[in-house]
Structures are given as structure tokens and as C-alpha cells.
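Undergrad: For reference, the structure I am asking about is given below.
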Amino acid sequence: MKVLVIGAGLVGTEVGLRLRALGHDVAVTTTTPGKVEGLRAHFDEVLVLRGSDRDAVAAAVAGRDAVVVAAGPSAQRAMTPEDRATSYREILVDTAESVTAADNRAYLVALSSLSVYGNAADHLPEVTEDSPVTDSTDPSPTMFLAMEGVYLERAGDRACVFRCGDIFGADDPPVEAKVGMAHQYLGGSVPFSGDALFYRLAVEDAADAIVHALERRLIGLHNLTHPEVPPTNAALFDAISAAQGLPALTYRDEIASPRSPISVARLTASGFVAGRSYDAATLAAAT
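Reading the sequence shown from the start, the letters are residues 6 to 292 in my numbering.
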């Protein structure tokens, strides 16, 4: 199978390596020319392009059996609504429009976020893929939902969208370091909700889920995170802050996420469980 992976970052590189090891022809993209040489050592082709460049994306998609869109917004460009409005539109929606506009019937897998639910399903015992989504005007859930709509409406029976927990792994700083950075660089103020459950996704599970989708040709929406119910953001982050001799964080509630447990039953029924994403050692700080 010939696969194009858009966004050779944390998840894109991991899934590309898995697919390459399975014998697939893998091309990856990056927006950073300086990364090309390193990526060429591992993949069949490396392309420098932006997802918003329709002509470049169309050329890259041509002849591919599948396209994995792993490009995601940078945390450094997501700390204010203004930053999110610009970066999320380009990286999520513009890329989706470019990919679906390409003259190709390739199978598509894209990564979305559990933030699309906001707090709209908190009255339910669990959050399923059929639960209501947020009506928040914040650019994060708004753009993720717009991206989902593009893939599902234009690609239909050849598109799978994973609504993911916060992805971690590889060189990504541990939670303790991120809490320290929030105090050091953000004045102890973060844009998300303190009472939301702290769902995460190991990059290895993200990559394996994508391979699973490609092999099973999953269709539609699937929640992708661990099945265990985690502590809330505030319970964990404030315990970590206290252990570092720092005050509790301020939660601005700009990006709401579910307080009810996330159901992964749909993905489990297809034969996949994210078994490496529940970091019991870190989460023990909140108990």
C-alpha cells in the first residue's frame, strides 16, 4: 500500500515508521526544510509542503492508497484564542479541504480531539461518539469540528476520524515539566478547565490505532484514549504544583473538555484498545 502521512511530527513519524516496517511505501510531509535530511533516512519520500497549499497537497495525494493526516496545532500557538484562531484554521481545516479536494479516492484517517465535546455531554453517564458536541465559539473545538465535517461529509465511507486525548510520548516533556512551564512562562494560568477529566493518549497507541484503522478500514468517528477513568486536570496538576512548592494553577475554562467518562466501546468492538496510555504512576499524584 502507498501511504502519505501529512505531518511528520510526534504521531506522524511514529505511524510512518510502523507502516514502513510493515512493508508499505510511505511518503511523509513536513513544513520544515531542515528536517528533510533526517526523515529521508527512514521514508521512501519526504515532501516539504503546507496543508493549505491545495496544488501541492493534490500532487502529493495522487497515486496514494491512503492518507493519514497527523498534522496538529503547536501548543506554543494555542495559548490564546487569537493564536488558536489562526493556527487551528490553517493546520486543521485548510488541510482537510486540500486533502478532500484532491482528485483521488484514497482512504483517509485524521486525528481530532476530545475537546469537541466540551461540557455538552456532562449530563450523560458517559460520552459516546453520538453524544452532543460543544457550541463553544473557542477556535479549538470549533476548528476541530469544522475539520471533522470536511472529512466526513466529503469523504464519507472512506474516512475515519479519531477523537483523541492529549497525545504524549517521545521527546514530549512529562506532565510535571509542563506544569512547571505553565507557572514559569504562563503566569500559572492555563486555557482549559480544571474539572475536566485528564484523558491522554500515548503516541504508540495513536500510531497503532491508525495502523488498525488502515488494516480494518474503519469508517466514521471513534473516541481514542484509554478506557480507565482518570482524575481531573485540577486534581492532578494542583498536586504536582504542590509537590514542586508552587501554587495551584488558574484554569480559564476557555477550552472545556468532558467531565463524564469517555466511552471507547466503539473502537474496542473493532478490536483495538489503547493499552499504553493510562500512566498510573503519574496519575497517582492526584490520589
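Ideal placement from N, C-alpha and C gives every residue a C-beta, glycine not left out.
(1) Identify whether His227 lies in helix, strand or coil by the three-state DSSP scheme.
(2) Contact between the segment 241 to 258 and the segment 126 to 139 is defined here as three or more beta-carbon pairs at a separation below 8 Å; is this criterion met?
(3) Ignore the nearest five residues each way along the sequence and tell me which others in Val53's own chain have a CB closer than 8 Å to its CB.
(4) When you compare each of Asp58, Ala90, Asp162 and Asn109 to Lys7 by their alpha carbons, which one comes out closest?
(5) From the DSSP secondary-structure annotation, give me the bridge partner or partners of Leu1.
(6) Cutting at 6 Å between CB atoms, please list the residues of its own chain near Met148, excluding the five before and the five after it.
(7) Give me, in chain order, the residues of the same chain whose beta-carbon lies closer than 7 Å to that of Ala261; leave out the 5 immediate sequence neighbours on both sides.
(8) Would the beta-carbon of Val104 fall within 8 Å of that of Arg168?
(9) Nearest-angstrom Cα distance between Glu19 and Thr273?
(10) Got a sec, what are the start and stop residues for the beta strand (DSSP E) Arg168 sits in?
(11) Terminal residues of the continuous alpha helix (DSSP H) containing Ser145?
(12) Using CA coordinates, which residue listed in Arg221, Gly56, Val195 and Ala240 is at the minimum distance from Thr100?
(13) Taking the straight line between their C-alpha atoms, what separation do you get for Ala239 and Leu254?
(14) Looking only at C-alpha atoms, which of Glu259, Glu209, Ala218 and Ala244 sits nearest to Tyr283?
(15) Name the one or two DSSP bridge partners that Val10 has.
TA: Let me spell this out:
(1) strand
(2) By the Cβ criterion, the segment 241 to 258 is not in contact with the segment 126 to 139, since fewer than three pairs of Cβ atoms, one from each stretch, lie closer than 8 Å.
(3) Thr34, Thr35, Thr36, Thr37, Pro38 and Val41
(4) Asn109
(5) In the structure as shown, the chain begins at 6 and stops at 292. Residue 1 is therefore absent and cannot be evaluated.
(6) Tyr93, Arg94, Leu97 and Val98
(7) Gly123, Asn124, Thr139, Ser141, Ser198 and Ala201
(8) No. Outside cutoff.
(9) 22 Å
(10) Ala164 to Cys169
(11) Pro144 to Arg159
(12) Ranking the options by Cα distance to Thr100, first place goes to Gly56.
(13) 8 Å
(14) Glu209
(15) Under DSSP, Val10 shares a beta bridge with Val33 and Val73.
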